[in-house]
Amino acid sequence: MSKNSHLGHQAKKRFGQNFLHNEAIISQIVDAINPEPDDNLIEIGPGLGALTEPVIERAGDISVVELDRDLAHRLRHHPFLAKHLTIYEQDALKFDFASLASTDKPLRIFGNLPYNISTPLIFHLLSFKDKVKDMHFMLQKEVVERMAAGHNCKAFGRLSIMTQYQCQVLPVMEIGPEAFQPPPKVDSAIVRLIPHKTISNPVKNITTLNHVCLTAFNQRRKTIRNSFKKLINVEQLTSLGLDPGLRPENLTLNDYIALANFVDDNPVTTEK
4 MSKNSHLGHQ AKKRFGQNFL HNEAIISQIV DAINPEPDDN LIEIGPGLGA LTEPVIERAG
64 DISVVELDRD LAHRLRHHPF LAKHLTIYEQ DALKFDFASL ASTDKPLRIF GNLPYNISTP
124 LIFHLLSFKD KVKDMHFMLQ KEVVERMAAG HNCKAFGRLS IMTQYQCQVL PVMEIGPEAF
184 QPPPKVDSAI VRLIPHKTIS NPVKNITTLN HVCLTAFNQR RKTIRNSFKK LINVEQLTSL
244 GLDPGLRPEN LTLNDYIALA NFVDDNPVTT EK
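Numbering (this note's numbering), first residue to last: 4 to 275.
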């Protein structure tokens, strides 16, 4: 049998498929999620149901978003799972998760996310944060480290800032390649994201914060004097209490909020 085949399904590289098969690891992940009856649970990429089945055993009916039509077909005809599933055969990157939420039932989203689209998918999911109670994801270990990184760290960047601004980021556990079939070429980790109910230091415009982060970390080895020169000058940086000789990873989350608010209040005008 092919090393890329598991339970009769050939893993598809274009979907970034790596299937969990270690029962002890699966049990630990489900314990971390702690699904309960009446939870509004949505799984992204249920695959062959490694997490789906034990979650259903604890919580009852759940919704799943699965792009692979072969896997969606298997789930629709599964002897145990089918009757407990509402299946959305769609691309999670384009899916409207808010459509599954209600005032009394915020979303609890989980899944083994395809590593090749994990960062854009996280950004898409964060856009629904007001409808979400918590999220638990299997990701590449490096991505979880970036999400949780503090300033003055090489892993600190746009993903760190945008995630931490919107959520509490809690690394849960690390998982080796041997827990998957086929085994990925990287280590994995589980992260728990809990959206902040209130943000103590809110940014005026989250799109501006994202733009400032992109500008900063697009050339992260430059000093902020140079990376921000089209947005803010040296005197203005100094007025915000920022040393123009610092590099982007040296600034804190609150520094980026202050920068975004300044840029919002002082938009750069291009002379014609």
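Even for Gly, the Cβ is constructed at its ideal location relative to N, Cα and C. Bear in mind that the values here come from a model prediction, so they are computed numbers and not experimental data.
In angstroms, rounded to a whole number, what distance separates the CA positions of Asp42 and Pro109?
Residue mapping note: residue 42 aligns to position 39 of the sequence shown, counting from 1. Residue mapping note: residue 109 aligns to position 106 of the sequence shown, counting from 1. Taking the straight line joining both Cα atoms gives about 8 Å.
Enumerate, from N- to C-terminal direction, the unbroken alpha helix (DSSP H) stretches of 4 or more residues contained entirely within the segment 45-74.
As far as the segment 45-74 is concerned, its whole alpha helix (DSSP H) runs of at least 4 residues are 55-62.
Hey, how far is the Cα of Ser30 from the Cα of Leu243?
Locating residue 30 in the sequence shown gives position 27, counting from the first residue. Locating residue 243 in the sequence shown gives position 240, counting from the first residue. Near 49 Å, if we compare the C-alpha coordinates of Leu243 and Ser30.
State the Cα-Cα distance for the pair Phe126 and Lys134, rounded to the nearest angstrom.
Walking along the sequence shown from the start, residue 126 turns up at place 123. Walking along the sequence shown from the start, residue 134 turns up at place 131. Whole-angstrom Cα-Cα distance: 15 Å.
Taking the DSSP output, what are the residues bridged to Phe231?
On the sequence shown, position 228 is the one that residue 231 refers to. Its beta-bridge partners do not exist; DSSP assigns none.
In angstroms, rounded to a whole number, what distance separates the CA positions of Pro251 and Ala151?
Indexing the sequence shown from 1 puts residue 251 at position 248. Indexing the sequence shown from 1 puts residue 151 at position 148. Looking at the two C-alpha atoms, the distance is approximately 16 Å.
Going straight from the alpha carbon of Glu92 to that of Glu46, what length do you get?
For the purposes of this step, residue 92 is taken as residue 89 along the sequence shown, with counting starting at 1. For the purposes of this step, residue 46 is taken as residue 43 along the sequence shown, with counting starting at 1. Roughly 12 Å separates the two Cα atoms.
Is the segment 232-249 touching the segment 198-211 in the sense that three or more CB pairs, one from each, lie closer than 8 Å?
Touching, no.
Which runs of the beta strand (DSSP E) at least 3 residues long sit entirely within the segment 184-223? Give them in chain order.
Runs of the beta strand (DSSP E) inside the segment 184-223: 191-198.
How do the segment 63-80 and the segment 130-148 stand: do at least 3 beta-carbon pairs fall below 8 Å, yes or no?
Touching, no.
Check whether the Cβ atoms of Pro38 and Val58 sit closer than 7 Å, and answer yes or no.
Here residue 38 corresponds to residue number 35 of the sequence shown, with the count starting at 1. Here residue 58 corresponds to residue number 55 of the sequence shown, with the count starting at 1. A contact, by the Cβ cut-off of 7 Å.
My output table needs one value for Thr89: the three-state DSSP class, helix, strand or coil.
Translated into positions along the sequence shown, residue 89 becomes position 86. Thr89 falls in the strand class under three-state DSSP.
Thinking C-beta only, is Asp190 closer than 7 Å to Lys157?
Counted from its first residue, the sequence shown places residue 157 at position 154. Counted from its first residue, the sequence shown places residue 190 at position 187. No, these two residues do not count as a Cβ contact at 7 Å.
Output the boundary residues of the alpha helix (DSSP H) element that contains Asn257.
What you label residue 257 is simply residue 254 of the sequence shown in a count that begins at 1. It spans Leu256 to Asp268 - the alpha helix (DSSP H) in which Asn257 sits, taken as one unbroken run.
Extract the residue ranges of the alpha helix (DSSP H) inside the segment 119-195, only unbroken runs of 4 or more that lie entirely within it.
Qualifying alpha helix (DSSP H) stretches, in chain order: 121-129, 144-151 and 161-169.
Using the Cβ count rule (16 or more neighbours within 10 Å means buried), how would you classify Arg79?
Here the question's residue 79 lines up with position 76 in the sequence shown. When all chains shown are included, Arg79 counts as exposed.
Can you find at least 3 beta carbon pairs, one from the segment 194-202 and one from the segment 162-175, that sit closer than 8 Å?
Verdict: yes, contact present.
Kindly indicate which three-state DSSP category Asn236 falls into: helix, strand or coil?
By one-based count along the sequence shown, residue 236 stands at place 233. Note: Asn236 maps to coil in three-state DSSP.
Given that a residue counts as buried once 16 or more other Cβ atoms are within 10 Å of its Cβ, and exposed if not, what is Thr211?
Position 208 of the sequence shown, counted from the start, is the residue given in the question as residue 211. With 16 or more other Cβ atoms within 10 Å, it is buried.
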